[in-house]
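Order-wise, the sequence lines are chains X, A, Y and Z. Residue numbering for the first sequence follows this note's numbering, beginning at 1 and increasing consecutively. Residue numbering for the second sequence follows this note's numbering, beginning at 1001 and increasing consecutively. Residue numbering for the third sequence follows this note's numbering, beginning at 2001 and increasing consecutively. Residue numbering for the fourth sequence follows this note's numbering, beginning at 3001 and increasing consecutively.
Protein chains: 4
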Amino acid sequence: MQIGMLGLGRMGAGMVRRLLRDGHQCVAYDVSPQAVEALVKEGAIGATSTKDFISKLTKPRAAWMMVPVALVDRIIADLAQYLEPGDTLIDGGNSYYKDDLRRAKELAAKGLTYVDVGVSGGVWGAERGFCQMIGGETSVVKRLEPAFRSLAPKRETASITPGREHATSTADHGYLHCGPTGAGHFVKMVHNGIEYALMAAYAEGLNILKHANAGKQSREVDAETTPLRNPEEFQYEFNLADVTELWRRGSVVGSWLLDLTAQAMAKDPNLANFAGRVSDSGEGRWTVLAAIDEGVPAHVLSAALFDRFESRGQADFANKILSAQRYMFGGHHEKAS
Amino acid sequence: MQIGMLGLGRMGAGMVRRLLRDGHQCVAYDVSPQAVEALVKEGAIGATSTKDFISKLTKPRAAWMMVPVALVDRIIADLAQYLEPGDTLIDGGNSYYKDDLRRAKELAAKGLTYVDVGVSGGVWGAERGFCQMIGGETSVVKRLEPAFRSLAPKRETASITPGREHATSTADHGYLHCGPTGAGHFVKMVHNGIEYALMAAYAEGLNILKHANAGKQSREVDAETTPLRNPEEFQYEFNLADVTELWRRGSVVGSWLLDLTAQAMAKDPNLANFAGRVSDSGEGRWTVLAAIDEGVPAHVLSAALFDRFESRGQADFANKILSAQRYMFGGHHEKAS
Amino acid sequence: MQIGMLGLGRMGAGMVRRLLRDGHQCVAYDVSPQAVEALVKEGAIGATSTKDFISKLTKPRAAWMMVPVALVDRIIADLAQYLEPGDTLIDGGNSYYKDDLRRAKELAAKGLTYVDVGVSGGVWGAERGFCQMIGGETSVVKRLEPAFRSLAPKRETASITPGREHATSTADHGYLHCGPTGAGHFVKMVHNGIEYALMAAYAEGLNILKHANAGKQSREVDAETTPLRNPEEFQYEFNLADVTELWRRGSVVGSWLLDLTAQAMAKDPNLANFAGRVSDSGEGRWTVLAAIDEGVPAHVLSAALFDRFESRGQADFANKILSAQRYMFGGHHEKAS
Amino acid sequence: MQIGMLGLGRMGAGMVRRLLRDGHQCVAYDVSPQAVEALVKEGAIGATSTKDFISKLTKPRAAWMMVPVALVDRIIADLAQYLEPGDTLIDGGNSYYKDDLRRAKELAAKGLTYVDVGVSGGVWGAERGFCQMIGGETSVVKRLEPAFRSLAPKRETASITPGREHATSTADHGYLHCGPTGAGHFVKMVHNGIEYALMAAYAEGLNILKHANAGKQSREVDAETTPLRNPEEFQYEFNLADVTELWRRGSVVGSWLLDLTAQAMAKDPNLANFAGRVSDSGEGRWTVLAAIDEGVPAHVLSAALFDRFESRGQADFANKILSAQRYMFGGHHEKAS
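Here's what the structure looks like:
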């Protein structure tokens, strides 16, 4: 089938390549002419403007956007000028599902349909395939299915789950129509919320291993410092590159994130290239917001999120308050380090 | 080589089978004669008592224990009667590494050596191979290496980590001498601490998906109930069996634990056979204790641990206090449900 | 001055009484004629309908609402029919500050002003005075000041803060114009977020004291149960009524919430009248939402919130997932209790 | 009665003064002769060495130690040389209750008794009175009661708790025999665990108020930055000195810690003298360890503890891991700030 792809960054370009590989026709557009040119060489039809992009698509059009969240609304407004009833806009970025609900309603008024696709796989998607969580009207999702299937990993990229040998769900192929508008990004949102916590689990655990030599450091004897009661129990110097590699085989904590962690550790077990100011890109926040709205606990997911905020110095004032309180009731002065 | 295995539960028996498969000699003992008998049929040498078990081992003996933590000390005391200088005791259970330090010291006084092996892989180990984290004296660990290698998964059970193509570490084969006494169980302890948090990450996320239909339920209008501001945003009914299956291909959250979760969901997405009283078997607790002793934060790992305590009703009195406080300052009466 | 009070529950009635005591005129209305009647006997002017209520107020009117959050919008819509430009609506309930922003804008279009007042003090306010956090236009807040001052505790209800001996802020009297529309409820929201965590701090701590006898209970020896390593260290039977009373004098943790906790404990240290299903009334949730929007960590406040959700069984499905996972990888069966 | 006081820092000296004020006899010793001299001028009997200190006490002796935790054991060893059967050592510092259990046993072998006293009140104790949590043998505690009562705040320093008008417990006077050896420090330990969380509750809440102007700052538009959806909702500039003062009257969150916070804010609402590296002095850690040993959840208390570790940079390596993982799967580069 034919798909228009707007936004040819690492993920968008990777998608075009997977679609071309399966014989689909792709119209490709990006604000960078170089990005367009590169894909034209690989068989895509290039576009020079959003208008040109839309004009090169066959009705009913399928225009897929792979752009930063903050730009989606203005791009929709731009494209909507040229689209016609029956056309479909697909948002494959990390939009908030609440925006999906609003957009679908606005576009419906113009006879346009909107499909939200949460895409996981990062920069590896071109190679591994893109895991797609899809929301929208059934008939439209059905029409786009050949594209979803080509973008998705193949079924054989994972073992068959016992009990699903004869499953007819597309989930076993790496894409799923999760429900009505917003369902795709809702599932992707929670996916990322989980991702934050998985990452934090490894990070905290490895940090504990890293400090297992705490007994080798001398501590001062004063009222401000808690003595380590049994320094002889904390004399270990672990090789974290080896440990993360070890866990990749046969252990309960094996995962793709562990594979990547082992790769990073293989390069430099001290991770000296990283300062540790950890960004968050929205979904982790929205996951916790959803938990709160639903009234369900999220101790672990929220802790992972807040640790990221804390890594960026956002608790500084709170910490000053604690020091001030300690000074007030106990005359405790902050230690230099 | 020859290994004596004491404790022929699922893990111990699986180990014997893997050792026999690779041509090692195994002396097998268990309090259950049936368990011994079964392995004798597969080629093991059976023992009828701990004394008989030790007598059938060739010096320097290697006696491997796979028994519940609470029994290890008394079994060591029992075996030590029959062991001779140069012999080695291996604890493959989930002992606290602080006990390893004590035991190694006690046994050294008798000329015996002690090796601690944290084993991950659960009931699947016989098939997947056992991931082994090993602590103890280098020479002794070296001597036992043929057994470790046979028990471990093969290198090819995971892809080669870029940068480790020519790695000489045994980590790439699924077993690792992590350091001196206790190092094996220390790494295994943290492994399990991470495991708890990985599990909790999926559990919390899927719980949020499960309650994404919160807007369909009516809520009462009273001062005790927070109204859901936008019920129309929580109208989703997700198929969690499909979602967990979906994430197994191409997504960032793929893992062995997710594979198992998908299997459980494939059987019954409502998990009606489980009541949700979640046990913890020690390592998760000790991981947080270690974090505290080291003075490093463990927001995520501790939250996962405490949620297990909470699932068993251990916060009940705390919750009564909260209700009592609310009643005292606000006259709030508890709602029936 | 004259104030109209709509909603004569415990807080609203207490406010009317404090206002009357200081010589203000009060027009009182409630859907319950008995509630109106009671205050008429104490000097208030009774109203029989919202229309009657408004008609009995002198222009520019000041109509203060003390009603459940979920009813505020429809009451505003009702009152707005009868109000005239220059009149002021005051919301003294626990509204979300985002609703304040919307309402102030809507009412401004009709020439009406809106003041949001976060009120703390619960059922004790009539006696202790009401702590008021106020948001809105300066001129309007100024006009209402005599009422705020009468409702507030007196300055002498707390010691003078060193450095504030000559402070001119009304904060020292127990009411404060915190900023423009929404500022009052924003500060009140965070106040309650803090309140949840203060309560949880005592609840968790007292729960730890309650279980300090853990070493007296026998635990089973099996792979599902973590043995208590040193039962002799957990043999304490604390008298929690005495402990909470003790802390009220001279300790660092003294507080009004502790006073109330001691009162509850004095009645029944087992709190047998409470089941421990803890409600939350919105502000705790919104506080965490605000933290997330601002990108600042709230580990403690969110934990207190999530514990309330957990007390109401909202983690049940998550816990089933954990049990299912444990069964899948380790063959662990749930223990009966 | 007569009390020997060893350690004349702020707390020890304050205790001597309160004892002298009530007519008790005090033998005072400190490594600093100036500290001794100062109290001799106020009526204490000075000692020049530990031997001299003991020799000046009347049998059965009562020697009270107010020294840093890390020094207690060596001081006990020193004093024990000179003490005689029937004498009592009192540890008024912040010892771990597990050390109390050990010491009491060791001293009992010499016919000495040991009393553990958890003391709250900080540098304010001399003025407010010292809240004392006491553990030890009933007869010995009984004998020392006149001293405890003089050190404690008076009953009238707090209102009478309804239901305790005729209470005979000393708790209402600010001191309590909590149970056998260790009970005093156990209760004090949990007291401090609660204290950490109370402090954190205010700190987090005030930090949220501080950042309520988040909408005024511009944020970059890129994939690494979560856009603030509604900047117009975060335009508040709160006066935190006023807000903390406000809450001191009539609100639910009033407390002594809030009083101190308001004092600190009155001096400098930006707390510019503090860097925010928050120490912890043991009890907060031990409280969480106790919770884990008992198997009861402590989400809030542990979060407060871990935030302190985090304030001192102890999560740095964990954060680097998170950044490394993000780089590996998404090609995300850390932002400069």
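For each residue, glycine too, the CB sits at the ideal point set by N, CA and C.
Looking at the C-beta of residue i, does it have a partner C-beta in chain A at a distance below 7 Å?
i, result
"G3004/Z", "no"
"A2212/Y", "no"
"K3320/Z", "no"
"R2155/Y", "no"
Pick helix, strand or coil for residue i, following the three-state DSSP scheme.
i, result
"Q3025/Z", "strand"
"S2139/Y", "helix"
"A3214/Z", "helix"
"H1173/A", "helix"
"V2278/Y", "coil"
"W3124/Z", "helix"
"S323/X", "helix"
"K2179/Y", "A small correction: the amino acid at residue 2179/Y is Gly; Lys does not occupy that position in the sequence shown. The answer is strand: DSSP assigns G2179/Y an E or B state."
"Q2081/Y", "coil"
"I3003/Z", "strand"
"L89/X", "strand"
"S2055/Y", "helix"
"T3048/Z", "coil"
"Q1132/A", "strand"
"S255/X", "strand"
"A1062/A", "strand"
"V115/X", "strand"
Can you check which of these residues, the options, is closest to residue i by C-alpha distance?
i, options, result
"L1305/A", "S1281/A, R1143/A, V1296/A and Y1327/A", "S1281/A"
"P2068/Y", "P2085/Y, P2060/Y, R2074/Y and G2093/Y", "G2093/Y"
"G1215/A", "F1234/A, A1203/A and A1272/A", "F1234/A"
"L3083/Z", "G3012/Z, V3072/Z and S3055/Z", "S3055/Z"
"G3163/Z", "A2212/Y, L2260/Y, G2136/Y and E2232/Y", "L2260/Y"
Is residue i close to chain Y, meaning its C-beta is less than 7 Å from at least one C-beta of that chain?
i, result
"H3177/Z", "no"
"S3337/Z", "Because S3337/Z sits at a pLDDT of 45, beneath the cut-off of 50, its placement in the model cannot be relied upon, and the point is left open."
"H3299/Z", "yes"
"I3054/Z", "no"
"S95/X", "no"
"V339/X", "Nothing about residue 339/X can be reported from this structure: the residues present for chain X run from 1 to 337 only."
"V16/X", "no"
"T1244/A", "no"
"S302/X", "yes"
Between residue i and chain Z, is there a C-beta pair that is closer than 7 Å?
i, result
"E1310/A", "yes"
"D316/X", "yes"
"A241/X", "no"
Using a Cβ-Cβ distance under 7 Å, would residue i count as near chain C?
i, result
"L1271/A", "The displayed structure is made up of protein chains X, A, Y and Z, and chain C is not among them."
If I'm right that residue i touches residue j with Cβ under 8 Å, what's the distance once you round it to whole angstroms?
i, j, result
"S150/X", "H24/X", "6 Å"
"D172/X", "E1245/A", "6 Å"
"I1076/A", "L1089/A", "6 Å"
"A2063/Y", "L2079/Y", "6 Å"
Within the 7 Å Cβ cut-off, does residue i reach chain X?
i, result
"C1026/A", "no"
Below 8 Å, how does it come out for the stretch 3194-3209 of chain Z and the stretch 3121-3134 of chain Z: are there three or more Cβ pairs, yes or no? Judged by Cβ distances under 8 Å, the stretch 3194-3209 of chain Z makes no contact with the stretch 3121-3134 of chain Z, as fewer than three pairs qualify.
Does the stretch 3292-3299 of chain Z come within contact of the stretch 2202-2211 of chain Y, defined as at least 3 CB pairs closer than 8 Å? Touching, per the Cβ criterion.
Determine contact between the stretch 3088-3106 of chain Z and the stretch 3178-3191 of chain Z, defined as no fewer than three beta-carbon pairs at a distance below 8 Å. yes
With three or more C-beta pairs closer than 8 Å as the rule, is the stretch 3282-3289 of chain Z touching the stretch 3251-3266 of chain Z? no
Any 3 or more C-beta pairs closer than 8 Å across the stretch 3024-3036 of chain Z and the stretch 1136-1156 of chain A: no
Touch check for the stretch 249-259 of chain X and the stretch 1245-1261 of chain A: three-plus C-beta pairs under 8 Å? Because the criterion of three Cβ pairs below 8 Å is met, the stretch 249-259 of chain X and the stretch 1245-1261 of chain A touch.
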